[in-house]
Amino acid sequence: MLKIFAYLSRKEWLLILTSIIFIIGQVWLDLKLPDYMSEITTLVQTQSSGTRDIWLAGGKMLLCALGSALLAVIVGYFAAMVATSHAKTLRKTLFEKTLSFSLQEINRFSTASLITRSTNDIAQIQQTVAMGLQVMIKAPILAVWAIWKISDKNWHWSFATGIAVLALLIMISTLIIFVLPKFKIVQRLTDNLNRVTREGLMGIHVVRAYNAKEYQGEKFNSANTQLTNTNLLVNRLMAIMQPGMALIMSGLTLSIYWIGAHLIMDAGGTERIGLFSDMIVFTAYAMQVVMAFMMLAMTFILLPRASVSATRINEVLSTEAVIIDGQLTAAPTNRKGEIELRNVSFKYPNAEEYVLQNINFTVQQGETVAFIGSTGSGKSTLINLIPRFYDVTDGEVLIDGVNVKEYTQEALHDKLGYVSQKAVLFSGTVKSNVAYGKSSTEAQVEKAIAIAQGQDFVEKMEDSYEATITQGGTNLSGGQKQRLSIARAINREPEIFIFDDSFSALDYKTDRQLRMALKQETQGVTTLIVAQRIGTIKDCDKIIVLDEGKIVGIGKHEELLQNCQTYQEIAYSQLSKEELENDK
Ligand SMILES: Nc1ncnc2c1ncn2[C@@H]1O[C@H](COP(=O)(O)OP(=O)(O)OP(=O)(O)O)[C@@H](O)[C@H]1O
1 MLKIFAYLSR KEWLLILTSI IFIIGQVWLD LKLPDYMSEI TTLVQTQSSG TRDIWLAGGK
61 MLLCALGSAL LAVIVGYFAA MVATSHAKTL RKTLFEKTLS FSLQEINRFS TASLITRSTN
121 DIAQIQQTVA MGLQVMIKAP ILAVWAIWKI SDKNWHWSFA TGIAVLALLI MISTLIIFVL
181 PKFKIVQRLT DNLNRVTREG LMGIHVVRAY NAKEYQGEKF NSANTQLTNT NLLVNRLMAI
241 MQPGMALIMS GLTLSIYWIG AHLIMDAGGT ERIGLFSDMI VFTAYAMQVV MAFMMLAMTF
301 ILLPRASVSA TRINEVLSTE AVIIDGQLTA APTNRKGEIE LRNVSFKYPN AEEYVLQNIN
361 FTVQQGETVA FIGSTGSGKS TLINLIPRFY DVTDGEVLID GVNVKEYTQE ALHDKLGYVS
421 QKAVLFSGTV KSNVAYGKSS TEAQVEKAIA IAQGQDFVEK MEDSYEATIT QGGTNLSGGQ
481 KQRLSIARAI NREPEIFIFD DSFSALDYKT DRQLRMALKQ ETQGVTTLIV AQRIGTIKDC
541 DKIIVLDEGK IVGIGKHEEL LQNCQTYQEI AYSQLSKEEL ENDK
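The sequence shown: position 541 = 541 (UniProt numbering), numbered continuously.
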């Protein structure tokens with residue numbers, strides 16, 4: 001929990017310090033009230049006193065109450081300021097940390113949990129800081145000060161107050177024992193609800209097409225009911241607190257009055273007035289003592305709840321990304337766009353088996369190299385090692401003669417124009433998506449879109465290059481999304497293109513036109529293409545055939561047709577279909 005406070009800024013600490021001073025003032029004013037109450041009680045019972053004296057004491061009492069209320073408002077305002085800006089810093093830090101994660105760390109936490117941690121858990125911390133700043137600081141000051149004020153009063157009353165405080169502590173500790181473990185469960189169930197909701201919404205087409213609304217609804221209901229029941233249990237247990245407090249406070253007042261009545265009855269004439277006013281004052285102080293312990297108890301409830309959230313946030317913040325940045329911002333050689341994989345083997349974190357084994361090949365500047373193989377043969381895994389989405393388990397990946405681990409990730413990614421298997425677009429405009437990660441002129445964006453064969457459909461869209469793209473590009477077809485993703489890579493003007501099955505949604509004609517335009521317009525740029533279609537790759541300078549994570553053939557289309565069985569099988573399974581298409 002304390003680690004979370006390390007993210008408080010100087011200004012926030014200053015506000016906390018000012019709040020402490022104001023809280024001390026507030027407690028002082030609160031504890032002044034019973035003194036005036038005692039004065040008024042004595043004045044009322046003293047015959048020589050006038051109404052003016054009572055008004056005067058009453059006026060001072062009112063001023064104290066107003067002053068205390070004003071200070072409480074200011075402290076509340078400061079607390080809200082500190083809590084919200086601290087939460088903002090935490091959200092920012094957490095988001096930046098998450099962005100630095102490789103897929104390995106993201107998979108470890110799960111996307112749903114990372115979202116809950118960035119929202120719900122931070123909201124818990126915010127609430128605790130806002131409440132805690134007022135309650136946690138005030139409680140101990142008030143408790144010590146109020147006890148000191150009543151310490152010289154009648155021991156019978158002090159004894160009654162002691163018993164009330166004890167009853168209060170027993171009640172609250174019993175509650176804490178039952179409620180605390182539930183807080184952890186509530187956060188875990190919130191993760192779960194988040195996951196089920198995301199899953200249902202992201203797969204909404206499949207849910208509809210398979211009439212699985214009920215099935216998905218049940219999944220959601222189960223997660224929702226679990227969370228609701230746990231929350232209900234927590235709230236029901238906490239609901240005991242309010243009446244319990246009222247009972248203890250009323251019981252204490254009654255006891256003080258009952259003890260007071262006996263003491264007054266046993267006392268002599270003049271002593272009686274003093275005892276009566278003492279009793280009134282003591283009751284007020286005793287209430288403050290009970291209030292202070294109540295606030296302390298609330299702190300003990302708030303803190304563990306927040307500490308569950310703080311632990312979850314710290315888990316993310318203290319996770320070191322496994323992909324560590326190198327130092328180089330440029331290759332110390334004159335080479336450009338060269339790739340070499342030396343004895344590369346790879347297995348996914350926590351997996352037993354190697355997905356890639358002993359991969360060796362080189363790609364020269366400007367070459368177009370394709371990767372083909374059956375599904376699951378490791379094509380995507382292989383090219384994901386180049387941008388360091390994962391690091392190799394054995395061997396080396398070199399770009400321009402330098403191990404990719406030695407570059408800073410920024411420098412490495414600047415060399416690459418990567419297009420993922422599933423086209424990813426962000427909410428914004430056509431232009432903002434194509435110029436993503438690189439400030440570009442309108443002409444550059446238009447050129448990139450033209451090479452990616454997207455000009456026709458973009459110019460037909462309302463607002464053309466400024467047309468709105470919804471989150472995930474849901475207002476575009478699969479092929480249109482792919483073309484914009486490709487345009488984004490072209491616009492980067494990289495040394496190396498990496499296309500991970502990025503032409504799969506294009507028709508044969510567009511596929512061919514795009515590759516031709518790319519070849520003409522981006523000469524000298526090395527291109528790696530993962531593809532399923534022979535037609536897409538048969539003109540490549542080199543084709544690498546993968547089977548179960550091993551290279552089983554390297555060469556040109558004609559060579560492989562002669563001497564690579566796996567390639568022959570893939571080619572013959574497609575040729576007739578392709579020939580038909582080409583004849584059109
Ligand atoms: N994140 C992951 N964690 C564990 N195993 C994985 C992960 N991603 C892929 N794999 C496994 O690695 C193997 C190779 O997957 P990869 O995606 O590289 O194949 P591919 O040749 O690109 O397939 P496709 O043509 O279907 O895209 C598969 O057996 C797959 O189950």
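All C-beta atoms in this analysis are idealised placements derived from N, C-alpha and C, irrespective of residue type, glycine included.
Roughly how many whole angstroms lie between the Cα atoms of residue i and residue j?
i    : j    : result
P332 : E406 : 11 Å
V290 : T299 : 14 Å
Q480 : V458 : 9 Å
L66  : S307 : 35 Å
K347 : L382 : 11 Å
L296 : G76  : 18 Å
I445 : Q365 : According to the sequence shown, residue 445 is Val rather than Ile. Between V445 and Q365, the C-alpha separation is close to 25 Å.
T161 : W148 : 13 Å
A72  : L15  : 14 Å
E581 : I359 : In this predicted model, E581 has a pLDDT of only 47, less than 50, meaning its place in the structure is not dependable; the value taken from the coordinates is given anyway. Rounded to the nearest angstrom, the two C-alpha atoms are 34 Å apart.
I4   : L90  : 8 Å
S345 : T225 : 46 Å
D278 : I141 : 23 Å
L133 : F22  : 12 Å
G274 : I163 : 25 Å
N314 : F95  : 13 Å
D511 : S477 : 15 Å
A188 : F426 : Reading off the sequence, residue 188 comes out as Arg, not Ala. Cα to Cα, R188 sits roughly 29 Å from F426.
G535 : N350 : 37 Å
T441 : V430 : 13 Å
V207 : Q216 : 7 Å
E39  : S309 : 49 Å
A80  : S158 : 37 Å
M136 : S377 : 59 Å
V355 : L175 : 52 Å
C64  : D30  : 7 Å
G549 : E410 : 29 Å
A57  : G269 : 25 Å
S113 : I125 : 16 Å
Y436 : L412 : 17 Å
K153 : L180 : 38 Å
R52  : T42  : 14 Å
Please list the terminal residues of the continuous beta strand (DSSP E) segment that includes residue i.
i    : result
Y407 : From DSSP, Y407 is part of no beta strand (DSSP E); its letter is neither H nor E.
N360 : 356-363
V44  : No beta strand (DSSP E) contains V44, which is instead part of the alpha helix (DSSP H) from 10-45.
L341 : 339-346
V525 : Where V525 is concerned, there is no enclosing beta strand (DSSP E), given that its DSSP letter is neither H nor E.
K550 : 550-555
Less than 7 Å between the C-beta atoms of residue i and residue j, yes or no?
i    : j    : result
A146 : Y285 : yes
V552 : N491 : no
A487 : A452 : yes
F361 : L103 : no
D541 : E367 : yes
T408 : G473 : no
A370 : I537 : yes
S100 : A321 : yes
R312 : D539 : no
L302 : T128 : yes
F178 : L237 : yes
G194 : I115 : Here the sequence assigns Asn to residue 194, which means Gly is not the residue at that position. Cβ atoms of N194 and I115: closer than 7 Å.
M61  : Y36  : yes
I544 : L560 : no
Could one say the Cβ of residue i lies closer than 7 Å to chain C's Cβ atoms, at least one of them?
i    : result
A505 : Of the protein chains in the structure, only one exists, and it is not chain C.
Residue range of the alpha helix (DSSP H) that residue i falls in?
i    : result
I115 : 111-116
Y508 : 508-521
I301 : 269-317
L233 : 213-239
I163 : 155-202
A123 : 122-150
- Please confirm if the segment 464-471 is in contact with the segment 496-515, defined as three or more CB-CB distances below 8 Å between the two stretches. no
- With contact counted as at least three CB pairs below 8 Å, one residue from each stretch, are the segment 167-182 and the segment 232-249 in contact? yes
- Run through the segment 52-82 for me and flag every whole alpha helix (DSSP H) of 4 or more residues, listed as ranges in chain order. none
- Query: Does the pairing of the segment 400-420 with the segment 492-501 give three or more beta-carbon distances under 8 Å?
  - Reply: yes
- Scan the segment 442-505 and note each continuous alpha helix (DSSP H) run of 4 residues or more that stays entirely inside, going in chain order. 442-451, 455-460, 478-491
- What are the uninterrupted segments assigned as beta strand (DSSP E) that are 3 or more residues long and contained completely in the segment 379-432, given in chain order? 394-399, 416-419
- Message: Can you confirm whether the segment 255-262 touches the segment 116-132 when touching is taken to mean that 3 or more C-beta pairs between the two stretches lie within less than 8 Å?
- Response: no
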